[in-house]
Amino acid sequence: MVREEVLRAGGDGSLVGIASFPDQPARAGVVLLNAGLVHRVGPARLWVALARRSSELGLATLRLDFSGIGDSPETAASARFEARAPKEARAGMDALAAASGVERFALIGLCSGAEMAFKTALEDPRVRELVLINSPRFLEEPSAELVARLEKQQDARYYWRVALRNPRSWWKALRGKADLRAMARAALLRVRSRETRPAGAPDSADARAFRTLVQRGTNVHLVLSEGDWGQDYLDAILGASFDAGGASGKIQRTIVPACDHLLTPLAAQRALLDHVERLARTWI
Amino acid sequence: MASERIDPLFFGIKDRRLFGCHHAPSQGPAPKLGVVIAPAVGHEYSRAHRALRQLAGSCAVAGLRALRFDFSSTGDSQGDRWPESLGPWREDLEHALRELASRTRVARTALLGVRVSASLAVDCAARNPGCAALVLWDPCFDGAAHEQSLRQAQERFEASLASPIRRAGQQEAGVECLGFHWPAALLGELREWRAPSFEQGAPQRVLILESALSPRASELALLLGKRGARVSHEVSRGSQPWNDEVDQGLVPAVDLARIVDFLREES
Numbered sequence: 659m660v661r662e663e664v665l666r667a668g669g670d671g672s673l674v675g676i677a678s679f680p681d682q683p684a685r686a687g688v689v690l691l692n693a694g695l696v697h698r699v700g701p702a703r704l705w706v707a708l709a710r711r712s713s714e715l716g717l718a719t720l721r722l723d724f725s726g727i728g729d730s731p732e733t734a735a736s737a738r739f740e741a742r743a744p745k746e747a748r749a750g751m752d753a754l755a756a757a758s759g760v761e762r763f764a765l766i767g768l769c770s771g772a773e774m775a776f777k778t779a780l781e782d783p784r785v786r787e788l789v790l791i792n793s794p795r796f797l798e799e800p801s802a803e804l805v806a807r808l809e810k811q812q813d814a815r816y817y818w819r820v821a822l823r824n825p826r827s828w829w830k831a832l833r834g835k836a837d838l839r840a841m842a843r844a845a846l847l848r849v850r851s852r853e854t855r856p857a858g859a860p861d862s863a864d865a866r867a868f869r870t871l872v873q874r875g876t877n878v879h880l881v882l883s884e885g886d887w888g889q890d891y892l893d894a895i896l897g898a899s900f901d902a903g904g905a906s907g908k909i910q911r912t913i914v915p916a917c918d919h920l921l922t923p924l925a926a927q928r929a930l931l932d933h934v935e936r937l938a939r940t941w942i
Numbered sequence: 036m037a038s039e040r041i042d043p044l045f046f047g048i049k050d051r052r053l054f055g056c057h058h059a060p061s062q063g064p065a066p067k068l069g070v071v072i073a074p075a076v077g078h079e080y081s082r083a084h085r086a087l088r089q090l091a092g093s094c095a096v097a098g099l100r101a102l103r104f105d106f107s108s109t110g111d112s113q114g115d116r117w118p119e120s121l122g123p124w125r126e127d128l129e130h131a132l133r134e135l136a137s138r139t140r141v142a143r144t145a146l147l148g149v150r151v152s153a154s155l156a157v158d159c160a161a162r163n164p165g166c167a168a169l170v171l172w173d174p175c176f177d178g179a180a181h182e183q184s185l186r187q188a189q190e191r192f193e194a195s196l197a198s199p200i201r202r203a204g205q206q207e208a209g210v211e212c213l214g215f216h217w218p219a220a221l222l223g224e225l226r227e228w229r230a231p232s233f234e235q236g237a238p239q240r241v242l243i244l245e246s247a248l249s250p251r252a253s254e255l256a257l258l259l260g261k262r263g264a265r266v267s268h269e270v271s272r273g274s275q276p277w278n279d280e281v282d283q284g285l286v287p288a289v290d291l292a293r294i295v296d297f298l299r300e301e302s
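Here the protein sequences line up with chains H and E, keeping their order.
So for the first sequence, this note's numbering puts the first residue at 659; every next one is plus one.
So for the second sequence, this note's numbering puts the first residue at 36; every next one is plus one.
In C-alpha cells, the structure reads:
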C-alpha cells in the first residue's frame with residue numbers, strides 16, 4: 659500500500675511536493691520534475707501514475723513543483739530558472755532523503771524538466787539514474803545554424819509522414835493552396851538524411867557532459883516521442899556512435915511511437931509506464 | 036500589502052483521500068466567507084490549474100478563505116480510474132465543503148465550479164441550501180455537446196501525429212480525449228444531467244460566467260431567480276485557459292477579478 663503525503667522542500671519549506679512511500683523501507687528515491695509549466699501531476703497525470711507504480715516497487719518518490727509552478731510560490735531570488743531549478747531539485751532530493759532515508763536517486767523529467775534533471779545530475783553524484791523524456795536541449799543552447807537545420811529536418815519529417823500521405827494535402831496542392839516546392843524539397847532532404855549518418859559533435863559541452871555522467875556511473879535513459887525534435891538533436895550532438903551502443907550501454911534510447919511531445923495518447927502513457935517500471939525494477 | 040498563506044494537505048475519508056489546498060489571508064480579521072473551488076477535469080484540469088491557483092490566492096488577498104481540491108482519481112487525490120458515475124465526485128464536493136467549514140469555522144460558504152464541475156456545484160448547492168453563493172464558470176450543462184467537443188478535440192489531435200495510434204486489445208467503452216479516458220457511463224450521466232429544482236432553497240447570490248450565453252444556463256438562471264436567488268448571468272471577458280496548452284494559456288485576470296469582487300460582496 660502506497661502512502662502519500664505533502665512534502666515541503668527548500669530552506670524555507672516553500673517548495674511543495676507530494677511524496678509517495680512504499681510500505682517497507684525505501685530502497686532508492688525517485689524525483690519527478692515539472693514538465694514545462696505543467697504542475698507536479700505531470701502531463702495527463704502521468705507523474706502520479708509513475709510515482710505510485712514506482713512506490714509499489716519499493717521506491718520513495720517525490721513529485722516536486724519548482725518555485726513559481728503549481729503550488730510552490732514565486733521565489734524572491736533573481737536567479738534565472740535554469741540556474742535555480744537544479745538547486746531546487748537537489749532540495750527536493752534532500753527532503754526525500756530526510757523523510758525516507760534513501761541515499762541514491764533517479765531523476766525523471768520531460769521537456770524542460772529533462773534538461774533540469776540532466777543539469778542536476780551533473781551537480782549531484784547521488785543521481786545514479788536519469789530518465790530524460792524529450793529533452794529540448796541539455797547544457798548548451800543550440801546554435802542558430804543547428805536550430806535551422808533541425809527545423810528543416812522537422813519539416814521534412816512532417817511532409818514525409820503526414821502531409822504527403824494525406825489526400826487533403828494533395829487536394830490543396832492541386833488547388834494551388836499548398837507549397838509543392840517546399841514539399842518536394844522536404845522529401846529530398848528526408849531521403850538524403852536517411853542516407854547520411856550524423857557525425858555528432860564530440861567536443862561539444864553536451865557531449866562532454868554525457869561522458870562525465872557515464873564515467874561517474876550514471877545510467878542515462880533517453881525517451882523520445884516518434885518524430886520529436888530531440889531525436890535529431892541527439893544525433894547532432896552524440897552522433898552515430900550513440901546508435902552503436904556507445905558508452906558501454908550506459909546511455910540508452912527508446913522511441914515511443916505515435917505520440918506527441920507530452921506523450922498524450924493513452925497507449926503512449928502505458929508504453930512509458932511499462933518502460934519506467936522495467937527500469938525501476940533494476941533500481942531497487 | 037496583504038498576502039496569502041497556503042496550506043496543502045490531504046483530507047476526506049479512508050480509501051478516498053482528497054488533496055486540497057487552503058488559502059487564507061496572512062493577516063487581518065478572520066474571514067467570514069469561505070469558497071470551495073472545484074476544478075475542471077480531464078485535459079482541462081491542468082490547463083485551468085494556474086488560473087484557479089491564482090483565483091484562490093486572489094480570494095485570500097481579498098480577505099476570504101478558499102479551498103481548492105482535486106476530485107478522486109484526478110490531480111493529487113487518491114484513485115487512478117475515473118468513476119462510472121457522477122456520484123463519487125458529488126460526494127467529494129460535499130467532503131470539501133465540510134472540510135472548509137470544519138477547518139476554518141467561516142460563517143458562510145460559497146461554491147465555485149468550472150466546466151464539468153459546474154454541474155456538480157449546482158447539485159451540491161441544491162443539497163446545501165445554506166450555501167451563500169454559487170459561481171459557475173463556463174459550465175458544460177449540455178453533456179451531448181461536451182462529449183462531441185471531446186471527440187473532435189481527440190480527432191484533431193490524432194490527425195497531427197506522425198503515425199496513427201495503434202490500440203491493442205479490447206477498448207474500454209467511452210471516449211479517449213487528450214490523455215484521459217471518459218467512461219461511457221459517466222458521459223451518459225452528463226448527457227442526462229438536468230439542473231435540480233432547488234425546492235429546499237437556492238443560494239442567495241449566483242454568478243454564471245460563460246464564454247457565450249447558453250440556453251441551458253439561461254434556464255437555470257431563470258429557475259434560481261424564481262427561487263429567490265439574485266442571479267448575474269454574464270459573458271466572460273477573458274480567455275478560456277482550458278482551451279490552450281498549459282504553456283500557452285493566459286490567466287484571464289479580468290474574470291478572476293470579477294469572481295473575487297462578486298464573492299467579496301457576499302463577505
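Heads up, the beta-carbon is just placed ideally off N, CA and C, and yes, glycines get one too.
Given the structure is predicted, the values throughout are model-derived calculations rather than measurements.
- Scanning the segment 724-761 of chain H from its first residue to its last, the whole alpha helix (DSSP H) runs of 4-plus residues come out as 739-758.
- The beta-carbon of A197/E is placed less than 8 Å from the nearest beta-carbon of chain H.
- Residues of the segment 81-93 of chain E with a C-beta atom less than 8 Å from some C-beta of chain H are S81, H84, R85 and R88, listed in chain order.
- With fewer than 16 other Cβ atoms inside 10 Å of its own Cβ, P64/E counts as exposed.
- Here the alpha carbon of R40/E sits roughly 35 Å from the alpha carbon of A256/E.
- P238/E does not reach chain H, its nearest Cβ partner there being about 28 Å away, counting only Cβ pairs nearer than 8 Å.
- Bounds of the beta strand (DSSP E) holding I41/E are E39 to I48.
- Cα atoms of V76/E and P276/E: separation of roughly 13 Å, rounded to the nearest angstrom.
- Interface flag for T912/H against chain E is unset, since no Cβ pair is found closer than 8 Å.
- When C-beta distances to chain E are compared with 9 Å, the residues of the segment 914-939 of chain H below that value are P915, A916, C917, D918, L920, L921, T922, P923, L924, A925, A926 and Q927, in chain order.
- When C-beta atoms of the segment 70-84 of chain E are compared with those of the segment 927-939 of chain H, fewer than three pairs fall below 8 Å, so the two segments do not count as touching.
- Contact between the segment 103-110 of chain E and the segment 204-214 of chain E is absent: fewer than three C-beta pairs spanning the two stretches fall below 8 Å.
- For F215/E, no alpha helix (DSSP H) encloses it; the enclosing beta strand (DSSP E) starts and ends at F215 to P218.
- Leaving aside the five residues that flank S81/E on each side, the residues in its chain whose CB is nearer than 6 Å to its CB run, in chain order, V281.
- For E211/E, the closest Cβ of chain H is nearer than 8 Å.
- Contact between the segment 733-745 of chain H and the segment 88-97 of chain E is absent, with fewer than three C-beta pairs closer than 8 Å.
- With fewer than 16 other CB atoms across the displayed protein chains lying within 10 angstroms of its CB, A180/E is exposed.
- Contact of R201/E with chain H by beta-carbon distance below 7 Å involves A916 and A925.
- Interface residue (Cβ-Cβ distance to chain H less than 8 Å): V281/E is classified as such.
- At least one beta carbon of chain H lies nearer than 8 Å to the beta carbon of F215/E.
- At a cut-off of 8 Å between beta-carbon atoms, G110/E makes contact with chain H.
- Bridge pairing for S267/E: L242/E [DSSP].
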